[in-house]
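Residue numbers (this note's numbering): 386 to 769.
Beta carbons are placed, not taken as given, at the ideal position from N, Cα and C, and that holds for glycine.
Owing to the predicted nature of the structure, the values given are computational and were not obtained by experimental measurement.
Here's the structure we're looking at; comments come further down.
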Amino acid sequence: MAFNIKSKSGRSSLPARREPYWSRVRTGLYVGYRKLKVGEGTWIARRQENGEKQYRALGTITDEGAFDHAVDAAKVWNDSLEQGASNTVVTVEDVCRAYVDHIKVHNSPASAADAEGRFKRLIYGTKIGHIQLPKLKTTDIKKWLNSQVDLGDDDDSDIRRAKDSANRNLNSFKAALNLALDDRLVATDAGWKTVTGFSDVGKRRTGFLDMEQRKALIDACPEDLKLLVKAMLLTAARPGELATLKVGDFNKSQGTLDLEGKTGRRTATLSTVAYQFFMEQSKGKLPSAPLLSREYGDHWNKDAWKKIFQDAVKKARLPTDTVMYTLRHVAISELIMGGMDSFIVARLAGTSVAMIEKHYGHLRHKDNARRKHHRPAWDGPQQQ
386 MAFNIKSKSG RSSLPARREP YWSRVRTGLY VGYRKLKVGE GTWIARRQEN
436 GEKQYRALGT ITDEGAFDHA VDAAKVWNDS LEQGASNTVV TVEDVCRAYV
486 DHIKVHNSPA SAADAEGRFK RLIYGTKIGH IQLPKLKTTD IKKWLNSQVD
536 LGDDDDSDIR RAKDSANRNL NSFKAALNLA LDDRLVATDA GWKTVTGFSD
586 VGKRRTGFLD MEQRKALIDA CPEDLKLLVK AMLLTAARPG ELATLKVGDF
636 NKSQGTLDLE GKTGRRTATL STVAYQFFME QSKGKLPSAP LLSREYGDHW
686 NKDAWKKIFQ DAVKKARLPT DTVMYTLRHV AISELIMGGM DSFIVARLAG
736 TSVAMIEKHY GHLRHKDNAR RKHHRPAWDG PQQQ
């Protein structure tokens, strides 16, 4: 007996049953509709070859022209099997886990740990992670990529860093998807092949302030912001790490700072000039008090310093793209040009040796005379 599952009215008139109502698409390929007692019915595809039947659940399809969409999905599935793809249904998360296991053996445990860390943050247990691999669309990946960048952050340097990080995450993700393609878990890479990362975000850092510009900036800052600016130049730390410092994070006996930031907690050894600076800032304060406080004794944050800093940049007639992070770049550059080993600079700045070499390695060969007469990024409290 023939049943009409092609139209919505035809499907509505069918009695509910567990066995799907089948409609032939072409020789050996069928689309079925399972009518439920309550709610939308579900679609299923069936193919038969050499007497063997294979099935693929297509799920609920509520769009206009549901039958046609089900037929298209059945054809894609059938064609992928004919091209040698596996009939095993895997999710995006399954693919990423398999990739981690693969590179653990064929690359290194460190590479596997790096990829797994990215997938734990961005794939495992998420909406995109639950998508079946053949159903992964370009729009899914673009939405996933864009979600990693907070466009509400009006600090261009923060947006650039977020985009740079998102690009690295995309590279790991596409590597996992390409391995699944090689393993014939999917017939085509159409879902991700055309997705590209953000452009012009991983370029070498070029912003720099010479000593006269630094002095002009400090002179243009109000007294409380001067201290934060000097601390940036003396430590090469991130501004957020310095803003949250308490007096107790300054170890006077060891000459170190305990910093908490995006890479976790770390201990940075201070130069003599930096030690003297922080000794001065800690005088007469309780261990729980801010080490670098605002005018009324509270901690700094980006919202508090941003406008004041930009006003100082304008007053000092510095390049308009100068931001607080520029001072970190200046301090790292001075350390590199002073001949300090990249490993030590990376430890002090709380970043990787690879990042230091990528963005600052060229400075080692730029100015040998400068190294001979090297000065720190800021000469210390005595030049206030």
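For residue i, which of the options has the nearest alpha-carbon?
i: Ala459; options: Ser465, Phe452, Thr447 and Ala430; result: Ala430
i: Leu644; options: Gly669, Ala616 and Val658; result: Ala616
i: Glu449; options: Tyr440, Leu677, Glu501 and Lys393; result: Lys393
i: Gln439; options: Thr473, Asp453 and Ile446; result: Thr473
i: Ser398; options: Tyr509, Lys420 and Leu414; result: Lys420
i: Leu507; options: Asp457, Trp529 and Asp525; result: Trp529
i: Thr412; options: Gly424, Lys391, Asn463 and Ile741; result: Asn463
i: Ser804; options: Lys631, Ala561 and Glu626; result: Examination of residue 804 is not possible in this model, given that the chain is present from 386 through 769 alone.
i: Ala455; options: Thr736, Ile390 and Lys422; result: Ile390
i: Lys691; options: Pro675, Tyr710 and Leu703; result: Tyr710
i: Leu630; options: Ala621, Leu642, Thr620 and Lys637; result: Leu642
i: Gln661; options: Thr620, Ala701, Ser673 and Ala628; result: Thr620
i: Thr511; options: Thr523, His491 and Ser532; result: Ser532
i: Tyr799; options: Val480, Asp535 and Ile446; result: Because residue 799 is not part of the residues shown, which for the chain are 386 to 769, the question remains open.
i: Ile603; options: Leu712, Ala565 and Thr445; result: Leu712
i: Leu594; options: Asp609, Leu618 and Ala575; result: Leu618
i: Val423; options: Thr445, Cys606 and Ile729; result: Thr445
i: Gly646; options: Gln639, Gly640, Ser638 and Ala628; result: Ala628
i: Ala653; options: Ile516, Leu733, Ser737 and Cys606; result: Leu733
i: Tyr415; options: Leu703, Arg441 and Gly724; result: Arg441
i: Thr648; options: Asn636, Ser638 and Glu626; result: Glu626
i: Val461; options: Thr476, Gly592, Ala575 and Ser550; result: Ala575
i: Leu613; options: Asn563, Ala689, Gly640 and Gln598; result: Ala689
i: Glu597; options: Gln639, Ser727, His487 and Arg702; result: Arg702
Please report the distance separating the alpha-carbon of residue i from that of residue j.
i: Val485; j: Lys548; result: 23 Å
i: Gln650; j: Ile721; result: It should be noted that the sequence gives Arg, not Gln, for residue 650. The straight-line gap from Cα to Cα measures roughly 23 Å.
i: Arg503; j: Arg553; result: 9 Å
i: Asp539; j: Ser493; result: For Asp539, the pLDDT reaches just 46, beneath the cut-off of 50, and the residue's location in the model is therefore unreliable, although a value from the coordinates is still provided. Straight-line Cα distance between these residues: approximately 38 Å.
i: Trp685; j: Arg679; result: 6 Å
i: Ala401; j: Glu434; result: 29 Å
i: Leu443; j: His714; result: 53 Å
i: Leu466; j: Gly514; result: 23 Å
i: Phe388; j: Lys527; result: 41 Å
i: Gly395; j: Lys520; result: 27 Å
i: Thr707; j: Ala498; result: 36 Å
i: Gly633; j: Ile741; result: 29 Å
i: Thr579; j: Asn556; result: 13 Å
i: Thr573; j: Ile544; result: 33 Å
i: Lys687; j: Ala565; result: 43 Å
i: Pro405; j: Trp428; result: 8 Å
i: Asp453; j: Arg409; result: 12 Å
i: Tyr418; j: Thr447; result: 12 Å
i: Glu437; j: Ala739; result: 54 Å
i: Gly469; j: Arg403; result: 31 Å
i: Gly682; j: Ala483; result: 52 Å
i: Asn563; j: Lys611; result: 51 Å
i: Thr476; j: Arg546; result: 30 Å
i: Ser550; j: Arg432; result: 43 Å
i: Phe635; j: Pro624; result: 16 Å
Per DSSP, which residues does residue i bridge with? Please list them.
i: Trp407; result: Gly417
i: Gly444; result: Trp428
i: Phe635; result: Leu642
i: Thr476; result: Gln517
i: Pro675; result: Lys631
i: Gln533; result: Beta-bridge pairing links Gln533 to no other residue.
i: Glu742; result: Looking at the DSSP assignment, Glu742 forms no beta bridge with any residue, so it has no partner.
i: Lys670; result: According to DSSP, Lys670 bridges with nothing at all.
i: Glu437; result: Glu434
Would you mind reading off the limits of the beta strand (DSSP E) that contains residue i?
i: Ala622; result: Careful: Ala622 lies outside any beta strand (DSSP E) and carries neither H nor E.
i: Ala653; result: Gly649 to Thr654
Could you give the first and the last residue of the continuous alpha helix (DSSP H) run that contains residue i?
i: Thr657; result: Thr657 to Ser667
i: Tyr509; result: Looking at the DSSP string, Tyr509 is not in any alpha helix (DSSP H), and its letter there is neither H nor E.
i: Trp577; result: Trp577 -> no alpha helix (DSSP H), and no H or E assigned at all.
i: His454; result: Ala451 to Glu467
i: Ala697; result: Lys687 to Lys700
i: Leu720; result: Met709 to Met722
i: Lys422; result: Where Lys422 is concerned, there is no enclosing alpha helix (DSSP H), given that its DSSP letter is neither H nor E.
i: Val730; result: Ser727 to Ala734
i: Ala605; result: Met596 to Ala605
i: Gly592; result: Unbroken run through Gly592: none, as it is neither H nor E.
i: Ser397; result: Lys393 to Ser397
Taking contact to mean at least 3 C-beta pairs separated by less than 8 Å, is the segment 576-586 in contact with the segment 694-704? no
Check whether the segment 657-666 touches the segment 712-727, counting contact only when three or more Cβ pairs, one atom from each stretch, lie closer than 8 Å. no
Quick one: any contact between the segment 666-677 and the segment 561-576, if contact means 3 or more CB pairs under 8 Å? no
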